[in-house]
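Colleague: Shown below is the structure under consideration.
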Amino acid sequence: MQEAIRLAGLAAGEDEVPVGAVILRDGTQLGQGYNQNIGNSDPTAHAEIIALREACAYHQNYRLANSIIYVTLEPCLMCFTALIHARVKTLVYGASDPKSGFTLFLDEHHMDLLNHRMEVIGGIMAEQCGSQIQTFFSEKRQRGKRKWKRGN
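Residues 627 to 778 in my numbering are what the sequence shown spells out, letter by letter.
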């Protein structure tokens, strides 16, 4: 999770929402990513999606059986679904996302209906992960919501 937090810091440095993700299997890092929606002009450029793309390219397969993803914020429904399709074994996330996290949309009954059952562990280093996001948005409000660091 420490590496995911470091990556989230890179996102914040680019004025992106600070979310980082790392995918491992058997101790080997397969992929990593951080939010790049604004910089890439891509609504799908979430940390998890970028990490999945890198891991699949590294592994040369769109399935990532027995892999673990560490992400600083509870994934949105898009990212959670992508993790299911990739057959990621375990999702470990830090801070919960009550506004757009997957748990807002999926309860235990819905999870049982999915074609792949992924172990989900939330709240790991939640305070540190949540603080990183809160600080980012607090600073953003202070400088003005639309005043991006990159000058747009």
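Positions of the beta carbon are idealized from the N, C-alpha and C atoms, including for glycine. Here the structure is a predicted model, which means the values were calculated and not measured.
Excluding the 5 residues flanking His685 on each side, which residues of the same chain have their C-beta closer than 7 Å to its C-beta?
Modeller: Excluding sequence neighbours, His685 sits near Leu656.
Colleague: Grouping DSSP H, G and I as helix and E and B as strand, with all else coil, what is Gly665?
Modeller: Of the three classes helix, strand and coil, the one that applies to Gly665 here is helix, per DSSP.
Colleague: With respect to the beta strand (DSSP E) encompassing Ile747, which residues constitute its N-terminal and C-terminal limits?
Modeller: Residues 745–747.
Colleague: Give me the residue from Arg679, Ala683, Arg651, Glu642 with the minimum Cα distance to Asn663.
Modeller: Glu642
Colleague: Starting from Leu709, trace the alpha helix (DSSP H) both ways and give me its first and last residue.
Modeller: 703–711
Colleague: Leaving out five residues before and five after Ile747 in sequence, what residues of the same chain have Cβ atoms less than 6 Å from its Cβ?
Modeller: Its chain contains Val718 as the residues whose beta carbon lies nearer than 6 Å to that of Ile747, once the 5 sequence neighbours on both sides are disregarded; these appear in chain order.
Colleague: Do you know whose CA, among Asp652, Ala671, Gly749, Met751, lies nearest Ala802's CA?
Modeller: Any question about residue 802 goes unanswered here, given that the chain covers just 627 to 778.
Colleague: Check whether the Cβ atoms of Glu700 and Asp668 lie closer than 7 Å to each other.
Modeller: no
Colleague: So, is Asn778 buried or exposed, given that buried needs 16 or more other C-beta atoms within 10 angstroms?
Modeller: Because the pLDDT of Asn778 is 45, which lies under 50, any placement of that residue in the model is unreliable, and the number read from its coordinates should be weighed accordingly. Flag for Asn778 reads exposed.
Colleague: Run through DSSP, which three-state label would Arg689 get?
Modeller: coil
Colleague: Identify whether Ala671 lies in helix, strand or coil by the three-state DSSP scheme.
Modeller: Reduced to three states, the DSSP call for Ala671 is coil.
Colleague: Return the first residue and the last residue of the alpha helix (DSSP H) that Thr761 is part of.
Modeller: 752–769
Colleague: For Asn661, count neighbouring Cβ atoms within 10 angstroms of its own Cβ and tell me buried if that reaches 16, exposed if not.
Modeller: buried
Colleague: Give a yes or no on whether the C-beta atoms belonging to Ile750 and Ile695 are separated by under 7 Å.
Modeller: no
Colleague: Tell me whether Gly653 sits in a helix, a strand or coil according to DSSP, three-state version.
Modeller: coil
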